[in-house]
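Residue numbers (this note's numbering): 9 to 390. Heads up, the beta-carbon is just placed ideally off N, CA and C, and yes, glycines get one too. Here the structure is a predicted model, which is why all the values come from computation and not from measurement. Quick notes on the structure that follows.
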Ligand code: GDP
Ligand code: MN
């Protein structure tokens, strides 16, 4: 789960990472009221999950109420690389002396954590990485050893941060590392981490990706649920614990196993159709899972046919067939199912489906013929 900047900063604060306090706002009136409370000058920042907001006009300083109102109006609704701004974060403006870069992430190849620090942070860090990679200090951290204060101090020295920033920057690195490990993040990135003109270090931006697999340890993460730019289908799928990604086509797809689901998408494309989603129901294709999957696909008005592609390896096809029939009793489907069941007990499964005489199910024996049938149904219903 990716956090918005303001959520990332709130998360940082729990671990003692210094940030400016501020307020979120969804309307111009709210933004102006927040700016008044915070006190001018303030900075107004678009809350979208994409980089380069500054360059796109999504980060503006306001010296007074008139400017706050003007910028709030311009930034709300602003499209930044396809992300429409629905929320602002407003915080006290900072007088910046220097901009640095810090990140913690996993180095999967080396099987350790990686900490990057650069004295040349700010909006052009990608260019620095490309043209002057040596100006980024790289530190591998053994998770069993961790990052202590001395190692953090050595790292900020290696990155040649300004002398007056080093003490607080080292403290901040230790706090960010705790946020990364104890906070169960896959990525913590601060660009820029700034040295203020008063000589303090502050996280001015925050990019945090939480490890969803650690969610069971963090009931408090529910507060980070999205405020509206998430696909309704994806939200429903998430509530039901399904591995679902919404797409734009007209053929809804249910398959067991991520590989088979991806192949199913490919085959639908190959025969001239387009998938409405990716949905891997995993190993347990029982009635509950099937009903949940059909329910989610059913909420998508673009879907004209549903392709269910199951290969019975460990799961038995006859169980899947019964699951589908039970699910059909629970969900009133808006479009027909094209069903391809192969593998363990497939013959028994076909007999069960046939005997049910369901108007909603068309059975096909191969993946390609099933894809063709689904695409044809979708085209003729469009
Ligand atoms: P990004 O462009 O999406 O990475 O957004 P950032 O939050 O990193 O902001 C972009 C740039 O805006 C920063 O690199 C700063 O130079 C500038 N900026 C952000 N907040 C402030 C602030 O409080 N004061 C000043 N003077 N500049 C700021
Ligand atoms: Mn940034």
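A distance of 9 Å or more separates the beta carbons of residue 357 and residue 316. Closer than 8 Å to some heavy atom of the ligand GDP: that describes the Cβ of residue 51. Counting along the chain, the unbroken alpha helix (DSSP H) around residue 242 starts and ends at 240 to 247. If you keep only unbroken alpha helix (DSSP H) runs of at least 4 residues inside the segment 29 to 53, you get 36 to 46. Judged by their CB atoms, residue 196 and residue 111 are nearer to each other than the 9 Å cut-off.
Remark: C-beta atoms of residue 159 and residue 144 do not approach each other more closely than 9 Å. In the same chain as residue 11, and ignoring 5 residues on each side of it, the C-beta atoms closer than 7 Å to its own belong to 19, 216, 218 and 232, in chain order. Taking every protein chain shown into account, the CB of residue 140 has fewer than 16 other CB atoms within 10 angstroms, so this residue is exposed. Bridge partners of residue 112 according to DSSP: 123 and 196. Checking the 8 Å criterion, the Cβ of residue 338 is out of range of every heavy atom belonging to the ligand MN. Look at the segment 258 to 282 and you find these whole runs of beta strand (DSSP E), each 3 residues long or longer: 259 to 263. Every unbroken stretch of the alpha helix (DSSP H) spanning 4 or more residues and falling wholly within the segment 152 to 181 is given here in chain order: 157 to 166. In the DSSP assignment, residue 78 falls within the unbroken alpha helix (DSSP H) covering 73 to 83. Bridge pairing for residue 251: 288 [DSSP].
Residue 98 sits in a strand when the DSSP states are folded into three classes.
Between the alpha carbons of residue 254 and residue 286 lies a gap of roughly 6 Å.
In the three-state reduction of the DSSP assignment, residue 353 falls in the coil class. By the criterion of at least three beta-carbon pairs nearer than 8 Å, the segment 307 to 314 is in contact with the segment 342 to 350. Between the segment 76 to 83 and the segment 103 to 117 there are fewer than three inter-stretch CB-CB distances shorter than 8 Å, so the stretches are not counted as touching. For residue 310, no alpha helix (DSSP H) run applies, since DSSP gives it neither H nor E. Residue state for residue 365 is assigned as coil, using DSSP reduced to three classes.
Taking C-beta atoms as the reference points, residue 203 and residue 169 count as a pair closer than 9 Å.
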